[in-house]
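Residue numbers (the numbering used here): 8 to 1283.
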Amino acid sequence: MPNHWLWSPDGVCMAITSAHPQNMSRKAPGKVELTVSPLPELTESDMLWCQFGETTNIAELRDGTIICDPPTTIPHTPKGQDHVSVSLILTFGEEKMFFASATYPFYDCEEAMNLSENLPCSSCASSRWNCQWDWKKHFCEDSSLEEDVITQNMEDCPQFLNPNPQIIPMEFPTIVHFEGKNLENYQVNELIPSSHLTYMTLYNCSYGRSDCSLCLAADPGYDCVWCEEEGKPNKCIYKNLCKTSTNTCPHPVITRIEPKTGPLSGGILLTIMGSNLGIKAEDVKSITVAGTECLFKEDFYSVSIRYLIVCQAGNVSVPSQGKIEVDINGKRGSSTSEVQFTYQQPHPTGISPTEGPRAGGTILTITGNNLETGSQKDVRVLLGDVPCNITDFGEQIVCITGQHESGGKVQVTVDHGDTENQLNDPWFTYSENPTVTKFFPKNSFSSGGRNITVTGTGFDIIQSFSIVVTADLHGPSRRKKRQIRSLDSKKVVCMYICITIVFSSPPILEDPENYRITTLIKMDGCSLVLNAENNDPFKYVADPTFENFTDGIKKQVNKLIHAKGSNLNKAMTIEEAQAFVGAEPCNIKTLTEKDLYCEPPEVQPQPKKRQKRDTINNLPEFIVKFGLREWILGRVEYDTRVSDVPLDVILPSVIFPMVAIIIISIYCYRRKSQQAEREYEKIKSQLEGLEESVRDRCKKEFTDLMIEMEDQTNDVSEAGIPVLDYKMYTDRVFFLPSKDGEKDVMITGKLDIPEARKQTVEQALNQFSNLLNSKSFLINFIHTLEKQREFSAREKVYFASLLTVALHGKLEYYTDIMRTLFLELMEQYVVAKNPKLMLRRSETVVERMLSNWMAICLYQYLKDNAGEPLYKLFKAIKHQVEKGPVDAVLMKAKYTLNDTGLLGDDVEYTQLTVNVYVQDGGTDSVPVKVLNCDTISQVKEKIIDQVYRNLPCSQWPKADSVVLVVFKPASNSHVLWDDFSIFVFLKVRDGATLILSKIGISQQPEDNQQDVPGERHALLEDENKVWHLVRPADEVDEGKSKRGSMKEKERTKAITEIYLTRLLSVKGTLQQFVDNFFHSVLNSNHVVPPAVKYFFDFLDEQAEKHELKDEDTIHIWKTNSLPLRFWVNILKNPHFIFDVHVHEVVDASLSVIAQTFMDACTRTEHKLSRDSPSNKLLYAKEISNYKKMVEDYYKGIRQMVQVSDQDMNTHLAEISRAHTDSLNTLVALHQLYQYTNKYYDEIINALEEDPAAQKMQLAFRLQQIAAALENKVTDL
């Protein structure tokens, strides 16, 4: 039977039934004898093969068994196992036809001893393999005839039993005695592996026992005493560690009570918490609350974790308030003035709603006075004799009504302890449960989504509706009902004075015919089965099926699209069904059981998701939607063929119009050519005039700006530059760009730590701070985090900022860490032969550490030197922008440096000077310049800017928190609300008097207020689109040929680029301020911060060390480390250093200057062309000068006297000493620990693998800190 499959007459497949030996050691592999049943009749010509793992050998057939050679290579034993299973496959013939297979185990005694942790002998001796334990070598090996071994009997292994003592105090050396077993073969001082795990308790008296009573109440076996030694804090420690202990505790202290109020009649349970409140219940002698005795409840007394004394408050006659006093074995203690108990009389006055179903489930809200008396467990609500389950307890009591048998009106009773209050009016009415009279339609497809209208009674008293569908399998074996879909009240609509509800049928199982479906309507506590009058339930039917279009495309569609299927109208009507061609509807004309016809749109629509370069996918899809389910049957291709038209009709209809068009075109061309020549001469003359006017305007506006800036300089001299303090500066630079912004915990400084654990957490964080000061730990910490894939770039930035704050007290150490990490980073880039890419981004922790280091070291320089020119530049831009119109919707300005933010229209405006009086701000008015085209909000911002110019911006009122009142002595004054108008529509004239007032309740705008002139001109409205000064570009087209002046029509056709000359005007006006700022930060002849010289020298040294001769590389390193990393960030974000608000239109101009600064710091030549961005062209002339300035700056720093490590460390120490106390160091440590907690296992493994960390036991120290911070009991 060679070379073909074997036939089994009994229908039984061949299988390997046994193997000899059944397993073998991987160290001594041998041949395996296999028994195969049923074994086929094989001849010598049928070659047998045995594939053992990855080894294939010829097998031997002997006496009905098959003998296989062992594999040449055995796979490694998996971790945590003592054997590996190798596949064994038997084949025959030259084609190696398969006929049987199995797996064969190879055991490893070396791994068998590791299965039970710390019990190698027991693990070896109890193994199922042929292993033995050599007690001399302490090793598990293959069985042999050697002596001095332990075979398959774990009881012969050495054991240590019954330790004495079983509990051991920490920090005190204790000798532990054990009972030994099977130790006769071992010598003294020899390491003996035990086969029996022995557990002992390691305890710390101080943990969880912060005061005397908790200490003395500890288990006597712990031998804890309250130690009072002179010069040391009192604490709970092991008795042998204390020289002077006491058995008498101090006076009790009460820190908190619950609840803080109670009824006059008492009867509520009061819980008193504090310290030194006794050791046992008998120690409590008396308790008084607000001068009234409180009955002590011994059953609730506890000192195991915290002190709890529970007593039942007595009754008083009048409301009162007082402190709590306790007598503990003659020592009295009382609460402070902050911890007081108040007796008050609760008085419920009303309920809502006043009616609900007899089935209950109504959410009842009780209102009144002093309802939050006692605690929720002391309060009971009854409706007649039916309890109402309280769910919310506070100034209002909320409860859910229970079921009432008979219905009718019942009185509401609210009990607070022993105080009973009955509401006489109103009473609660239990009405009849709602009923369902009919519903339509009667069924739904299983995919759901069909609107079901239910009509009935009593729906108006129901608060919440929900639909629950349950399924019950047919047949006797499985009858258990299960809920398969629920629809909450948000999906149920109550209509027609709530006699009708409409819900969308929820989707259920795909095969509803196999289930008994029950649909329930749950209304508060009432559930009704959705049945018709003849007990015919609401039914679900299987979804219909549709046939896809042939080849996926429906071709030559003209009038109707035909879709085929089955059961199409079983639970769907033509009005409910929907069909779509692409995104547009297809009007369904016919719907039968098997056919659907719909009328498509006349023009072929676009597909919902258009695919590029895919002709088929660019055809629109045909979609049928029944309820919640959609079917895509294919795509639709319209018939675009032209109908057959006779030639004698085509020729006259085409040729004659073409001839007429050609004649008209020639005539129009000649006329347009003559007109174009005249227009060219006109435009040439206009351009010459425009050039002259730009020159004059720059000169005039620069003069005006210098005069205005002189006034600004005087203001700055009076009020000073609003430089932020160091903490606010670092908070904004480090954490304002984070995802939480101003709400970041590092800015708010708020940690959510319970008061009881605050001291413990602070101590643990101080220990964590000490751990961070270990260089070995910190380097391992950073490396481990950066190896984690989920440690994103944003997290690296945030982590580095936290680390900067945490190590601010030792900036010289922080600098050393940064230097070490930089050397590693530099080595990576140099080895990869990409040194120019270093420092390009902040992709590593050390690169962000450099950003923060520069920000710290340059704060004083920024404050003393570069701050003034930067502030003047910011004020100059702000003044120039606000001098002209600013579109409040598009955020575009007439005067700007950014072409994308340029107001592309010539808006007519007039400057007005208004006199502003501040309410309650004195009798002097403040003149403010505004524009008549400003919105009210823009006017208010300019007024606030001028009125409060001598105060920091953070102390200014918000524009939406004040109102402007137009003062008119001869008539009624009126308020200008933000949503009223543009300023020009209010007819406010030059020299008008305005009053700046804070918004009060009486000043809120009302709908019935009388309109003021222009009130309804909020912003200009055109076809429901709001705009301010300029209509958006997509609204200006030829289709809007409205009546108006020729000037307006010409403006509509204006080219936006014609106004680009304004960029030159603004640039020329601001040039002096830009130059001043660049000179202040790029001049080595002035003061250079020592940090800059120190770090630049470091880069030069490393470049020389790595033999980098390319000056471009060193230039890029320096540029990326200082100008681009620090100065560009400050330039684009002046609010990081100044207390100012940067408006969006001002930010656009700052971005242009920042880009110019960046271009100046690169050595790349910028080739400009006609297509170059306007922002690049604007400063093209100055870039070369700025580039030379940067080159000279770097060259001058290199020639300066070197800053030594000692000088730098002294400078850093001064910064640490001056500012560390103001930073949120503990918060930063707490946030840093969150990363430790997140990657705890990875960090511990890294520390345990590092020899230096092992020597300093850094992993152990981290585990102790983790136990303290996470309130865990450690076994260390």
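Using N, Cα and C, we set each Cβ at its ideal position, and we do this for glycine too.
If we call anything under 7 Å between Cβ atoms a contact, is Gln410 one with Ala366? yes
Looking at the unbroken beta strand (DSSP E) that takes in Tyr437, where does it start and where does it end? 426–438
I'd like to confirm the pairing. Which residues does DSSP put opposite Gly641 in its beta bridges? Phe629
DSSP-derived helix/strand/coil call for Asn64: strand
Can you tell me where the beta strand (DSSP E) holding Thr3 begins and where it ends? Outside the displayed span of the chain (8 to 1283) sits residue 3, for which this structure offers no information.
Best match in Phe466, Ile528, Val1210, Asn458 for proximity to Val1300 [C-alpha to C-alpha]: Since the first and last residues shown for the chain are 8 and 1283, residue 1300 lies out of range.
Quick check: the stretch 1170–1179 against the stretch 1134–1148, are there 3 or more CB pairs under 8 Å? Under the Cβ criterion (8 Å, minimum of three pairs), the stretch 1170–1179 does not count as touching the stretch 1134–1148.
Going along the chain, which residues of its own chain have a beta-carbon closer than 6 Å to the beta-carbon of Arg739, five neighbours each way excluded? Phe1143
Among Asp550, Asp1119, Thr268, which one has its Cα closest to the Cα of Asn576? Asp550
For Gln585, report the span of its beta strand (DSSP E) as first-last. 585–588
Beta-carbon separation of Pro934 and Thr920 under 7 Å? yes
Looking at C-alpha atoms only, which residue of Asn1192, Pro176, Lys949 is the closest neighbour of Thr208? Closest by alpha carbon: Pro176.
By DSSP's criteria, Pro544 is part of a beta bridge. Which residues make up the other side? Asn538
In whole angstroms, give me the CA-to-CA distance for Tyr821 and Gln770. Cα atoms of Tyr821 and Gln770: separation of roughly 22 Å, rounded to the nearest angstrom.
Nearest to Asp871 by alpha carbon, out of Glu582, Glu688, Gly696, Leu731? By alpha-carbon distance to Asp871, the top candidate from Glu582, Glu688, Gly696, Leu731 is Leu731.
Taking only the alpha-carbon atoms, compute the straight-line gap between Lys782 and Gly816 and give it to the nearest angstrom. Each residue's alpha carbon lies about 15 Å from the other.
Ends of the alpha helix (DSSP H) at Pro355? From DSSP, Pro355 is part of no alpha helix (DSSP H) but of the beta strand (DSSP E) over 354–359.
Between Val232, Tyr193, Gln347, which lies nearest to Pro1285 when the distance is taken from Cα to Cα? Coverage of the chain is limited to positions 8 through 1283, which leaves residue 1285 absent and any answer about it impossible.
Mapping DSSP to helix, strand and coil, what is His90? strand
Any beta strand (DSSP E) of 3 or more consecutive residues that is wholly inside the stretch 824–885: As far as the stretch 824–885 is concerned, it has no whole beta strand (DSSP E) run of at least 3 residues.
Does the Cβ-Cβ distance between Asp751 and Phe741 come in under 7 Å? no
By Cβ distance below 6 Å, which residues in the same chain neighbour Pro1130 in space, the five residues on each side in sequence not counted? Taken in chain order, the residues that qualify are Cys1168.
Hey, which unbroken runs of the beta strand (DSSP E) at 3 residues or more fall wholly within the stretch 305–383? 316–320, 327–329, 331–335, 338–341, 348–350, 354–359, 362–364, 370–376
Give the range of the alpha helix (DSSP H) segment to which Ala549 is assigned. No alpha helix (DSSP H) holds Ala549; DSSP gives it neither H nor E.
Assuming Met735 is part of the alpha helix (DSSP H), what are its boundary residues? Going by DSSP, Met735 is part of the alpha helix (DSSP H) stretching over 733–742.
Where do the ends of the alpha helix (DSSP H) carrying Cys219 lie? 219–223
In or out: Thr369 buried (at least 16 other Cβ within 10 Å) or exposed? buried
Are there 16 or more other CB atoms within 10 angstroms of the CB of His569, so buried, or fewer, so exposed? By the 10 Å Cβ count, His569 comes out exposed.
Around the Cβ of Val610, are there at least 16 other Cβ atoms within 10 angstroms (buried) or fewer (exposed)? Of the residues assessed, Val610 falls on the exposed side of the cut-off, its CB having fewer than 16 other CB atoms within 10 angstroms.
8 Å contact criterion, which Phe59 and Leu95 should meet: CB distance rounded: 6 Å
For Arg801, name the three-state secondary structure that DSSP assigns. helix
Taking C-alpha atoms, which residue in Gln1238, Gly375, Val156 lies nearest to Glu802? Gln1238
Between which two residues does the beta strand (DSSP E) harbouring Leu209 extend? 208–210 is the extent of the beta strand (DSSP E) around Leu209.
Just mark Glu148 as buried or exposed, buried being the case when its beta carbon has 16 or more other beta carbons within 10 Å. buried
Nearest to Ala763 by alpha carbon, out of Gly100, Gly215, Thr253, Thr63? Gly215
Can you look up His773 in the DSSP assignment and give me helix, strand or coil? As written in the sequence, residue 773 is Asn, which differs from the His given in the question. Note: Asn773 maps to helix in three-state DSSP.
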